[in-house]
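Numbering of the sequence shown is given in this note's numbering, commencing with residue 1037 and proceeding in unit increments. Please read the structure below before turning to the comments.
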Amino acid sequence: MSETGYPGEIRTAGIAPDGLCADLFSHWLELCAASSAPDRIPVRSQIDMLTLPTQVLPWFFLQERRDGRYQSIIAGTRLTDEFGFEPRGRFMDELLSNAVYHARSKMFDTCLEVGLPFYYRGSLSKPADRYVGFQRLLLPLRATEDAPVCMLFGVLRFYERTALSDRELRLMEFDAGSLFHCSTYENGCWLSWPPGTAAHPGR
């Protein structure tokens, strides 16, 4: 276990991203190391669709926080197909139930306010009671070098539920949606979030 920037909280090891999320996370670390990334947070001008890992593009997204709401700026083709509509220009609170939005927005807000990546896995329902597993990576971003951290980008990858986990879904108490693991990257390692929760490696 590790103790980090949450005073008095003991943090347990979290689950690191894999697949496309791991590919984009590695790219983000490279952007953080650039001289144009103040305080090791990249700026939007560093996000070049030609240099992003090509395999993540269909699942790539970019959002901006505007007056406390999260608006979609870029959404990959596979995301549009999965959603069944064009999400660009839409706000996240228009697309989720109030309970799920309240829980998810806490992660998005924390990602921007503390400047740390988040990775989480879960399950959502689609028509005909079909459950689909997903994994999502959130990465903080500045609009310009002198701007506050108000944008985030990442990967949202969908799976059939059985491809992601063959166990019963465990709902985390802090989340009103079907989320079964969340990690944040701090001090060079992935730790379970929020503090006090434990990772389930089999998930």
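Backbone N, C-alpha and C fix where the C-beta goes; we use that ideal spot for every residue, glycine too.
query: Please report the straight-line C-alpha distance between Ser-1228 and Leu-1056, rounded to a whole angstrom.; result: 20 Å
query: Taking buried to mean at least 16 other C-beta atoms within 10 Å of its own C-beta, is Gln-1099 buried or exposed?; result: buried
query: Considering only DSSP beta bridges, list what Met-1128 is partnered with.; result: None; Met-1128 has no bridge partner.
query: What span of residues does the alpha helix (DSSP H) with Arg-1140 cover, start to end?; result: 1134-1150
query: Please state whether the Cβ-Cβ distance between Arg-1172 and Gly-1190 is less than 9 Å.; result: yes
query: Apart from the five residues just before and just after Arg-1193, which ones in its own chain have a Cβ nearer than 6 Å to its Cβ?; result: Leu-1056, Trp-1095 and Gln-1171
query: By Cβ distance, which residues of its chain are closer than 6 Å to Gly-1050, with the 5 residues on each side in sequence left out?; result: Ser-1219, Trp-1226, Leu-1227, Ser-1228 and Ala-1235
query: Please look up how many angstroms separate the CB atoms of Phe-1144 and Tyr-1106, rounded, as I've assumed it's under 8 Å.; result: 6 Å
query: How is the alpha helix (DSSP H) around Phe-1121 delimited, first residue to last?; result: Here Phe-1121 belongs to no alpha helix (DSSP H), and DSSP marks it neither H nor E.
query: So for Leu-1115, helix, strand or coil by DSSP?; result: helix
query: State the Cα-Cα distance for the pair Glu-1034 and Leu-1132, rounded to the nearest angstrom.; result: In the structure as shown, the chain begins at 1037 and stops at 1239. Residue 1034 is therefore absent and cannot be evaluated.
query: Under 7 Å Cβ to Cβ from Trp-1148, same chain only, skipping five residues before and after it: list those, please.; result: For the record, residue 1148 in the displayed sequence is Leu; it is not Trp. Same-chain partners within the cutoff: Arg-1101, Pro-1176, Val-1185, Cys-1186 and Leu-1188.
query: Beta strand (DSSP E) containing Trp-1064: first to last residue?; result: Where Trp-1064 is concerned, there is no enclosing beta strand (DSSP E), although the alpha helix (DSSP H) it sits in stretches over 1055-1068.
query: Excluding five sequence neighbours on each side, which residues of the same chain lie with their C-beta closer than 7 Å to the C-beta of Ala-1111?; result: Phe-1097, Pro-1123 and Arg-1124
query: Does Ser-1228 come out as helix, strand or coil in the three-state DSSP assignment?; result: strand
query: Return the CA-CA distance between Arg-1140 and His-1217, expressed in angstroms with no decimal places.; result: 12 Å
query: Does DSSP put Pro-1074 in a helix, in a strand, or in coil?; result: helix
query: I'd like to check one pair, Asp-1182 with Pro-1078: are the Cβ atoms closer than 9 Å?; result: no
query: For Ala-1052, which three-state DSSP category applies?; result: coil
query: From Leu-1152, Tyr-1137, Ser-1081 and Gly-1104, pick the residue whose C-alpha is nearest to that of Gly-1224; which is it?; result: Leu-1152
query: To the nearest angstrom, how far is it from the Cα of Leu-1093 to the Cα of Cys-1068?; result: 20 Å
query: Can you tell me whether Glu-1118 is buried or exposed, with buried defined as 16 or more other CB within 10 angstroms of its CB?; result: buried
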